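Enquirer: Let me begin by handing over the structure; questions about it come next.
In our numbering, the protein residues as written are 1 to 129.
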C-alpha cells in the first residue's frame with residue numbers, strides 16, 4: 001500500500017502515527033505542498049483533489065482520501081481493533097471525537113500553524129494566506 005503524505009500535514013502525520021503504532025506496513029511517499037507537488041499531473045491522476053493523505057491499495061484496487069477514512073480502512077484491513085474497536089457503541093464515541101476534531105479544532109488551528117510555521121515572517125496576521 002502506498003500512502004502519499006506531507007509531513008507538514010497533521011492528517012498525514014495522524015495516518016503515519018497509526019501505521020507506526022499498529023505495525024502496519026506502508027510505502028510512504030512524500031508529496032510537498034510547499035513545492036506544489038500535489039498539483040503535479042501524476043499525483044492528480046491518483047487524487048484529482050490534490051490532497052494528502054491519500055492511500056492507494058492496489059491489492060484491493062482502491063484509492064482512499066481523508067485521514068479518518070484512511071485510518072479506519074487500514075485498521076480494518078489489518079485486523080487492528082485496539083484504536084478503532086468493533087463494538088458499535090465504542091466506535092460511535094470515537095467517531096464523534098474524530099468528527100469534532102475535524103470540524104472544530106483542526107479548522108481553528110490550521111491558519112495559526114500556517115502563519116507560524118510556513119509564512120516567511122512567522123507573525124500572525126503578517127502572511128498573506
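The C-beta atom is built at its ideal place from N, Cα and C for all residues, glycine as well. Model, not experiment: these values are computed from the prediction.
Please list the terminal residues of the continuous alpha helix (DSSP H) segment that includes residue 62.
Expert: No alpha helix (DSSP H) holds residue 62; the beta strand (DSSP E) holding it covers 62 to 65.
Enquirer: Considering only the beta carbon of each residue, do residue 62 and residue 43 sit closer than 8 angstroms?
Expert: Contact: no.
Enquirer: Tell me which same chain residues have a C-beta within less than 6 angstroms of the C-beta of residue 70, skipping the five on either side of it?
Expert: Closer than 6 angstroms at Cβ, skipping near neighbours: 15, 53, 55, 64.
Enquirer: Grab the span of the beta strand (DSSP E) containing residue 3 for me, first residue to last.
Expert: Start and end: 2 to 5.
Enquirer: Unbroken beta strand (DSSP E) runs of length 3 or more, entirely within the region 14 to 81: which are they?
Expert: With a minimum length of 3 residues, the continuous beta strand (DSSP E) runs that stay inside the region 14 to 81 are 27 to 30, 54 to 57, 62 to 65.
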